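Enquirer: Can you read through this structure? Questions will come right after.
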Amino acid sequence: MEKDMRWKTLSSEYVLEDTWGTVRRESCLKPDGKIVSPYYVYEFPDWVTAFALTKDNQVIIEKQYRHALGQTGYELPGGCVDREDASMENAIARELLEETGYRFEHFEFLGNTSANPSTNNNLMHMFLATGGERVQDQQLDENEEIEVHFFSIEEIVKMVRTGEIIQSMHVTCICLALQQMGKWQYTP
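Here the working numbering is used: the first residue of the sequence shown is 817, the next is one more, and so on.
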């Protein structure tokens, strides 16, 4: 029989409720009888991201400033899933169109990942998007400033290996997409 390792929540209260993040403080009982208090859980909406290829096999990469790190860097397109999105595929199609101006012919689901399952309650849903074609200008949110860049697959592999792309969930998506396409191989 497998051991049940789940904690029992004894109490839970919200200490912050905001558009971009909600935090709750909990007291929890572990299976061994020990109480963990306080324990903080960060609630976020689910996220989507895509390794997005244009019709001429260029990878769309965004460059933007990230205030928490105080750095400007390269990332994959993506964002929050909205309540209005009918599916995760609809969410990534919308994000790609808004952020890049590109519409895609095909989406392949690559899986889910978590930024930090010990504190965050959401998932990142990852896709390989292919057949991208520019159909409009960017439609950015109020505080977004995103530059759209295009790289070859070989350049993306180099950017991951040299640390030019550091967003861990995006690196995961890149590796899964490259593996799916037969383009990622281990080289010691």
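All C-beta atoms, glycine included, are put in the ideal place defined by N, C-alpha and C.
Because the structure is a prediction, the values reported are computed rather than measured.
Assign Thr946 to one of three DSSP states: helix, strand, or coil.
Expert: strand
Enquirer: Between the region 823 to 840 and the region 852 to 864, can you find at least three pairs of beta-carbon atoms closer than 8 Å?
Expert: yes
Enquirer: What runs of the alpha helix (DSSP H), each 4 residues or longer, lie entirely inside the region 851 to 894?
Expert: none
Enquirer: For the candidate residues Asn928, Thr835, Leu939, Lys846, whose alpha-carbon lies nearest to that of Lys819?
Expert: Lys846
Enquirer: Roughly how many angstroms lie between the CA atoms of Ile962 and Ile876, to the nearest whole one?
Expert: Their backbone Cα atoms lie some 12 Å apart in a straight line.
Enquirer: Could you have a look at Asn938 and say whether DSSP puts it in helix, strand or coil?
Expert: coil
Enquirer: Taking the continuous beta strand (DSSP E) assigned at Leu826, which residues delimit it?
Expert: 824 to 834
Enquirer: If you draw a straight line from the alpha carbon of Thr935 to that of Val852, how long is it in whole angstroms?
Expert: 14 Å
Enquirer: How big is the Cα-Cα spacing for Leu992 and Leu926?
Expert: 7 Å
Enquirer: Just curious, the beta strand (DSSP E) that Leu926 is in, first and last residue?
Expert: Per DSSP, Leu926 is one residue of the beta strand (DSSP E) stretching across 922 to 929.
Enquirer: Who are the near neighbours of Trp823 in its chain, counting only those whose CB is closer than 6 Å to its CB and skipping five residues on each side?
Expert: Cys844, Lys846, listed in sequence order.
Enquirer: Evaluate contact between the region 910 to 926 and the region 891 to 898, counting only Cβ atoms and requiring at least three cross-stretch pairs below 8 Å.
Expert: yes
Enquirer: Taking the alpha carbon of Gly849 as the reference point, which residue from Met821, His965, Thr835 has its own alpha carbon closest?
Expert: Met821
Enquirer: Does the region 968 to 981 come close enough to the region 879 to 888 that 3 or more CB-CB pairs lie under 8 Å?
Expert: no
Enquirer: Rounding to the nearest angstrom, what Cα-Cα distance links Asn938 and Ser903 in this structure?
Expert: Taking the straight line from one Cα to the other gives about 15 Å.
Enquirer: Buried or exposed for Tyr890, going by 16 or more other Cβ atoms inside 10 Å?
Expert: buried
Enquirer: Taking only the alpha-carbon atoms, compute the straight-line gap between Val964 and Thr835 and give it to the nearest angstrom.
Expert: 26 Å
Enquirer: Can the beta-carbon of Thr988 be found closer than 7 Å to that of Thr929?
Expert: yes
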